[in-house]
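**Student:** One structure, as structure tokens, below. Some questions next.
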Amino acid sequence: MGTISVAQVDPRVASFLEKPRKMLINGNWVDAVSGKTFPSYDPSTGEVLATVAEGDRADIDLAVKAARQAFDSGPWRKMSASERGRLIWKLADLIEAHAEEFAYLESLDNGKPLTVARAADVPLAVDLFRYMAGWTTKLEGNTIPLSVPYTPGAKYFSYTLREPVGVVGQIIPWNFPLLMAAWKLGPALASGCTVVLKPAEQTPLSALKLGELIIEAGFPEGVVNIVPGYGETAGAALAAHNDVDKVAFTGSTEVGKLIVHAATGNLKRVSLELGGKSPNVVFKDADMDVAISGAASSIFFNHGQCCCAGSRLYVEKAVFDQVVEGVAEKAKKIRVGPGLDANTQMGPLVSVEQMDRVCRYLESGFSQGAKAIAGGHKTGEKGYFVEPTVLVDTNDQMKVVQEEIFGPVVAAMPFTDPEELVPRANDNVYGLAAGVWTRDISKAHRMAEQLQAGTVWINCYNIFDAALPFGGYKQSGWGREMGHDVLNNYTQTKAVCARI
Ligand code: NAP
Ligand code: MG
């Protein structure tokens, strides 16, 4: 696995990485109050990629103060909805103009192939901002006829207003750094909120690049503040802050529960997009080529570091061997390497911790009797690479079947009929997504109804769109990202009642 120097490839990215990156507070790039910095690593080599200001409680305090001022008395609230929409649209245009830089930063900081960042992460982020720009002018209330039985004969004129919730704290993970920033910022800005965003410690760079474009687009100072730092310090301070009106979090269910506790001080609103262990169900009447490719990409896309990864593969008994061997063949052919290498189809995992975590799960599976028919180990002399892995001889009780691995590991299990399958597929604390592969449309839609998941994909997987709501049942979260639904996270309803 050869190393490619970014300086040879894109000088704009090289110069971005050269300087220590600061944090964005009240429209200015500033150092941490403590003066501390932390490294961001290139997971394909384990080497330091860039140095970043390390935000903590004091920086969060300053950022929240700026966001509060921008919300309460800055020009942001006085802007028309249309002006707000134009700023968001302009930000989308700027991201598009800098698409190559973002693709490189994502690939270097997270490890994903440059080709994937170009094709998925960056254009989806652009599209999300454009979709949300359109919402600014459509956040309407209702007029409501009243009957009020105890004031006979009285007339009222009543209506609702949809108002922004205020200052929002947003905490995001490392698996789609730019896209997660977009999912969070887009609807918050469309709703008229102001934001303090904390990117993941592993991948702060694209959010900081985005901060430059937010300034260039002309957002008033303090509307978006970006404080990189660690979860236990900066993240926890943001979630607990008494002057934050709402916290939006994407990450592990474990930390999601900490966020809920931290929010109790001022009862701030909370939305959560958490983990998953999504069942992917292949029936014997499916188009086999499509189902096999789909099952492989449902787990191997983004190296399995997707909250909705199709990590429990249930295959109807008659076609179990065919499907599982087909997925294993695909797994063995995936070219694993550094993200910048044009031949790479799967990059490293994001960090040494994540690689070790995935390897511990593999060991646990093997010790409980699971067998790898593809992969099963880490690979490469340096960097955090794990082979695409297909596990068989698994059962519903194993940790590798019950718990989120967040790596390129699928556990395959046979089933006999839908009656037997549905309770097994639903027997999990998570409920984020599910996949169904069949040519029988009635069966497909019956399954869609019965599976406890926020998203059900039929004969496709990992299809995301700014217009399609995404989020979890059960312990996969509260609230939805994207679509109409996400605006509920960032607006509150005021009822106005006038006697006339
Ligand atoms: P995580 O700890 O949940 O991280 C998500 C975000 O929360 C990061 O910005 C993190 O900051 C922050 N954070 C951590 N502890 C916090 C706290 N006490 N208060 C406030 N914010 C806090 O996830 P991870 O450790 O990176 O990954 C662990 C596992 O989480 C993965 O293996 C996977 O199972 C799951 N995960 C799920 C998603 C998803 O999309 N649903 C995404 C990533 C990970 P720092 O990064 O700076 O610590
Ligand atoms: Mg990194």
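Every number in my numbering is 21 more than the matching position in the sequence shown, counting from 1. We put the CB at the ideal spot given by N, CA and C, even for glycine.
1) Assign residue 105 to one of two classes, buried (16 or more other C-beta atoms within 10 Å of its C-beta) or exposed (fewer than that).
2) Take the Cβ of residue 327 as the centre, count every other Cβ of all protein chains shown within 10 Å, and call the residue buried at 16 or more, exposed below.
3) Since residue 153 is in the alpha helix (DSSP H), which residue starts that stretch and which ends it?
4) Once DSSP output is grouped into helix, strand and coil, what is the label at residue 218?
5) Quick one, are the C-beta atoms of residue 404 and residue 64 less than 8 Å apart?
6) Counting C-beta neighbours from all protein chains within 10 Å, is the total for residue 169 16 or more, i.e. buried, or is it exposed?
7) Given that a residue counts as buried once 16 or more other Cβ atoms are within 10 Å of its Cβ, and exposed if not, what is residue 462?
8) Among 280, 203 and 261, which residue has its Cα nearest to the Cα of residue 245?
9) Which ranges would you report for the alpha helix (DSSP H) in the segment 28 to 105 if only whole runs of at least 4 residues count?
10) By Cβ distance below 7 Å, which residues in the same chain neighbour residue 521 in space, the five residues on each side in sequence not counted?
11) Taking the runs of the beta strand (DSSP E) that are 3 residues or longer, which of them lie wholly in the segment 392 to 441?
12) How about residue 89 and residue 248: do their beta carbons lie closer than 8 Å?
13) Taking residue 76 as the reference, give the member of 393, 131 and 221 with the closest Cα.
14) Let me make sure I understand the geometry here. Which of 400, 218 and 191 has the alpha-carbon closest to that of residue 353?
15) Judging by CA-CA distance, which residue of 357, 171, 294 and 338 is the nearest neighbour of residue 322?
16) Enumerate, from N- to C-terminal direction, the unbroken alpha helix (DSSP H) stretches of 4 or more residues contained entirely within the segment 471 to 511.
17) According to DSSP, simplified to helix, strand and coil, what is residue 297?
18) Quick one: grab the DSSP three-state call for residue 204.
19) Applying the 10 Å Cβ sphere with the 16-neighbour rule, what's the burial state of residue 268?
20) Taking the DSSP output, what are the residues bridged to residue 568?
21) Quick check on residue 290: does DSSP put it in helix, strand or coil?
**Tutor:** Taking the coordinates as given:
1) Label assigned to residue 105: buried.
2) Residue 327 should be labelled buried.
3) Its alpha helix (DSSP H) spans residues 143 to 156.
4) DSSP places residue 218 in strand when its eight states are reduced to three.
5) Yes, Cβ-Cβ distance for residue 404 and residue 64 is below 8 Å.
6) Burial call: exposed.
7) Answer is exposed; the Cβ neighbour count stays below 16.
8) Here the closest residue by C-alpha is 203.
9) Counting whole runs of 4 or more residues, the segment 28 to 105 contains the alpha helix (DSSP H) stretches 32 to 39 and 78 to 94.
10) Once the five neighbours on either side are set aside, the close Cβ partners of residue 521 are 176, 177 and 178.
11) Whole beta strand (DSSP E) segments, 3+ residues: 392 to 395, 410 to 413 and 430 to 436.
12) Their beta carbons are not under 8 Å apart, which means residue 89 does not touch residue 248 by this criterion.
13) For residue 76, the closest of 393, 131 and 221 by C-alpha to C-alpha distance is 221.
14) Closest option to residue 353, Cα to Cα, is 400.
15) Nearest C-alpha to residue 322: 357.
16) Here the runs fully enclosed are 507 to 511.
17) Residue 297 falls in the coil class under three-state DSSP.
18) It is helical.
19) Burial check for residue 268: the Cβ neighbour count within 10 Å reaches 16 or more, so the residue is buried.
20) Residue 568 lies beyond the stretch modelled for the chain, which goes from 22 to 521, so this question has no answer here.
21) The answer is strand: DSSP assigns residue 290 an E or B state.
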